[in-house]
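Peer 1: Once you've had a glance at the structure underneath, I'll fire off some questions.
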Amino acid sequence: MSPAVALPVPAAVPEFLAPRIEDLRRTLRAGQREEALKAARAISDELAESHGPLHNYTLHALEFVAFCAQLAGYPAMATEVTVYTATAWQRLLDAKHRQIRRQARNSAASWLTVTNAPDAVRTGTALLALLQSVYGKDHPSTPFIERRLNAITGPDYDAAEHALRASGPALLASP
Numbered sequence: 076m077s078p079a080v081a082l083p084v085p086a087a088v089p090e091f092l093a094p095r096i097e098d099l100r101r102t103l104r105a106g107q108r109e110e111a112l113k114a115a116r117a118i119s120d121e122l123a124e125s126h127g128p129l130h131n132y133t134l135h136a137l138e139f140v141a142f143c144a145q146l147a148g149y150p151a152m153a154t155e156v157t158v159y160t161a162t163a164w165q166r167l168l169d170a171k172h173r174q175i176r177r178q179a180r181n182s183a184a185s186w187l188t189v190t191n192a193p194d195a196v197r198t199g200t201a202l203l204a205l206l207q208s209v210y211g212k213d214h215p216s217t218p219f220i221e222r223r224l225n226a227i228t229g230p231d232y233d234a235a236e237h238a239l240r241a242s243g244p245a246l247l248a249s250p
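So the mapping is simple: my numbering equals the position in the sequence shown, first residue as 1, plus 75.
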């Protein structure tokens, strides 16, 4: 595999999206989390269609989808989207790029709030693969994630119930 090229990641919202992003922020501030999630998904879908699934606008929009999903109470969706986004960024950026690491941390933060066993196992397995691809076995969350997954899938019902209690922080992004 050839080394990825380190591309700049734009910090500013593209001018053509600014009004829609501002509307989305107002929706979030008004506490309309489900509506914000729908709007964020619509924006990311449109960007994927118009610019491509790996365009940085699309990937930034997906980061916003994950943020909205977490706020709307869908941590498994937030974890899936951040894992997907980090993996997509890996195809575009240098492996050590801060954007990839940020999404990996966001994935772990979201995953810690997943309380449904099948969702936790599915997304936790994908998260472990992501963390290993980004950090190797050295990420401090890896042993905790492995222990939580083992408890959830193990025979001890009480340990599984305890492991499924949401215990994580919010995402690092903000609206």
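Note that CB positions come from ideal geometry on N, CA and C, so glycine has one too.
So which of 191, 228, 115 has the shortest CA-CA distance to residue 93?
Peer 2: 115
Peer 1: What is the rounded straight-line gap between the Cα of residue 154 and the Cα of residue 132?
Peer 2: 19 Å
Peer 1: Helix, strand or coil for residue 90, going by three-state DSSP, please let me know.
Peer 2: coil
Peer 1: Between which residues of its own chain and residue 164 is the CB-CB distance below 8 Å, once the five residues before and five after are set aside?
Peer 2: 134, 172, 174, 175, 178
Peer 1: Can you name the start and end residues of the alpha helix (DSSP H) that residue 199 belongs to?
Peer 2: 192-210
Peer 1: Going by beta carbon distance, what residues of the same chain come within less than 7 Å of residue 130, once the five residues before and after it are set aside?
Peer 2: 122
Peer 1: Count the other C-beta atoms from every protein chain shown that fall within 10 angstroms of the C-beta of residue 188, then say buried if there are 16 or more, exposed otherwise.
Peer 2: buried
Peer 1: Output yes or no for whether 7 Å exceeds the beta carbon distance between residue 112 and residue 161.
Peer 2: no
Peer 1: Quick check: the Cα distance between residue 202 and residue 110, rounded to an integer number of angstroms?
Peer 2: 27 Å
Peer 1: What does the alpha-carbon distance come out to for the pair residue 229 and residue 102?
Peer 2: 41 Å
Peer 1: Taking the straight line between their C-alpha atoms, what separation do you get for residue 232 and residue 210?
Peer 2: 32 Å
Peer 1: Give the C-beta separation of residue 235 and residue 192 to the nearest angstrom, bearing in mind that I take them to be a contact with Cβ-Cβ under 8 Å.
Peer 2: Rounded, the Cβ-Cβ distance is 7 Å, consistent with contact.
Peer 1: Where do the N-terminal and C-terminal ends of the alpha helix (DSSP H) with residue 150 fall, by residue?
Peer 2: 150-167
Peer 1: Closest to residue 167 by C-alpha separation, out of 128, 196, 184, 218, would be which residue?
Peer 2: 128
Peer 1: Thinking residue 151 and residue 198 are a contact (beta carbons under 8 Å), I'd like their distance in whole angstroms, please.
Peer 2: 5 Å
Peer 1: Hey, would you say residue 108 sits closer than 7 Å to residue 141, going by beta carbons?
Peer 2: Cβ atoms of residue 108 and residue 141: not closer than 7 Å.
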